[in-house]
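Read the structure below first, then the notes.
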Amino acid sequence: MRQDHNDREKKLSTMTNYQKVYKYRVVAPTVHNSSSFPLDSILRKMAGIIYLFVVALALSSVDADSYCQLNNCKGRPHTLCLYPSPKPANQCVAYKSASLTEEEKNEIRLLHNKLRNRVASGRETRGINGPQPAGYIPPLEWDEELAEIAQRWANQCTDGHDQCRNVERFPVGQNVGRKGWSNGYNAKVSEIVQAWYDEVENFDSQVVPSFRSSKKLTGHYTQLVWGETTRIGCGLMRYKRGAMFTVHLVCNYGPAGNWLDEPIYQTR
1 MRQDHNDREK KLSTMTNYQK VYKYRVVAPT VHNSSSFPLD SILRKMAGII YLFVVALALS
61 SVDADSYCQL NNCKGRPHTL CLYPSPKPAN QCVAYKSASL TEEEKNEIRL LHNKLRNRVA
121 SGRETRGING PQPAGYIPPL EWDEELAEIA QRWANQCTDG HDQCRNVERF PVGQNVGRKG
181 WSNGYNAKVS EIVQAWYDEV ENFDSQVVPS FRSSKKLTGH YTQLVWGETT RIGCGLMRYK
241 RGAMFTVHLV CNYGPAGNWL DEPIYQTR
């Protein structure tokens, strides 16, 4: 993001941008080691293809205890187990809404797919050693189970990532970001998604065949365009954070991306 002294925008080394009018923050994404989840690469690919349609049932009837018993959290508490109540936490001061509208859900999904297609078609020229190579990146479908888990974490109005958001089908990745204004809830969800994608400016295209972590903030971008990820579900909280009217977005992705030493997507 450029500096604009007329608007008194300041860029901090923490990758947090502040303005007199608004502030924006993204949370460092999760990087996975292939050994940290009991499915090997082939099984995770299969898990991305197989979708259990039972999640189409009303998720309000899902028993939180079933998430407490998941064996793929490796001892970490699952979000739906740790926070069984769907109500916003006490720290969500003067919250306005704790959900996405259908229009916002479509906006998020369509923008993700537009950006994924931009990379897949070879039209993204930014980045280190750009342009980014063309390849196969399938479109994302909305997933209500992932969305429920994302919403439950968003309802906590806290920084960082939850400890476990996995589902029986696959491990789950996550992007988190927020944007605030001093004069009302003016931030759009698309602005947060676009900020994740714009990390492509710091991304080295030579990493595409074998993902590795970077000192620069690029993990939101790599999760957004990860080729084996096929499903997305997000949650939103609008609440007061100090003097700021804050829009807090959490998006969960399945199967998870950002696996060390694996291709971000298959190039042409």
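With the first letter of the sequence shown counted as 1, position 248 gets the number 248 in UniProt numbering; the numbers rise by one all the way through.
Where a beta carbon is used, it is the ideal one built from N, C-alpha and C, also for glycine.
Everything numeric in this text was worked out from a predicted model, so none of it was measured.
Between the alpha carbons of residue 165 and residue 101 lies a distance of about 22 Å. Just so you know, the alpha carbons of residue 118 and residue 201 end up roughly 14 Å apart.
For residue 80, the closest alpha carbon among the candidates 74, 128 and 162 is that of 162. Shown here for residue 85: not one same chain residue has a beta carbon closer than 8 Å to its own, the five before and five after excluded. Nearest to residue 261 by alpha-carbon distance, out of 252, 235 and 222, is 222. One thing to note: residue 120 has its Cβ within 9 Å of the Cβ of residue 134. Annotation for residue 197: the continuous alpha helix (DSSP H) segment containing it runs 189-197. Taken through DSSP and simplified to helix, strand or coil, residue 85 comes out as coil.
Under the three-state reduction of DSSP, residue 221 is assigned to helix. For residue 109, the uninterrupted alpha helix (DSSP H) segment begins and ends at 102-120. In this structure, residue 115 sits away from residue 189, with a CB-CB distance that is not shorter than 9 Å.
Counting the other CB atoms within 10 Å of its CB gives residue 136 a total below 16, which places it among the exposed residues. Sequence-distant partners of residue 184 (beyond 5 residues in either direction) whose C-beta falls short of 6 Å from its own C-beta, in its chain, are 245. Measuring C-alpha to C-alpha distances from residue 195 to each of 160, 225, 220 and 227 identifies 220 as the nearest. Counting only residues of its own chain and dropping the five nearest sequence neighbours on each side, residue 230 has a CB closer than 7 Å to the CB of 48, 138, 140 and 141.
Spanning the alpha carbons of residue 241 and residue 263 requires a straight line of approximately 38 Å.
Comparing alpha carbon positions, the residue from 225, 234 and 233 closest to residue 265 is 225.
A check of alpha carbon separations from residue 128 across 255, 253, 208 and 256 identifies 208 as the nearest.
Residue 92 has its alpha-carbon roughly 29 Å from the corresponding atom of residue 74. Note on residue 160: under 16 other CB atoms within 10 angstroms of its CB, so exposed under the neighbour-count rule. Counting along the chain, no beta strand (DSSP E) covers residue 146; the unbroken alpha helix (DSSP H) around it starts and ends at 144-154. Within the same chain, and ignoring the five residues on either side of residue 143 in sequence, the residues whose Cβ sits closer than 7 Å to its Cβ are 231, 232, 233 and 254.
Its Cα nearest to that of residue 198, the residue 218 stands out among 77, 218, 76 and 179. Spanning the alpha carbons of residue 150 and residue 247 requires a straight line of approximately 14 Å. Minimum Cα-Cα distance from residue 146 among the listed residues 158, 157, 123 and 171 corresponds to 171. Bounds of the beta strand (DSSP E) holding residue 249 are 244-254. In the structure shown, the three-state DSSP call for residue 125 is coil. Within its own chain, the residues whose Cβ lies closer than 6 Å to the Cβ of residue 104, once the five positions on either side in sequence are excluded, are 189, listed in chain order.
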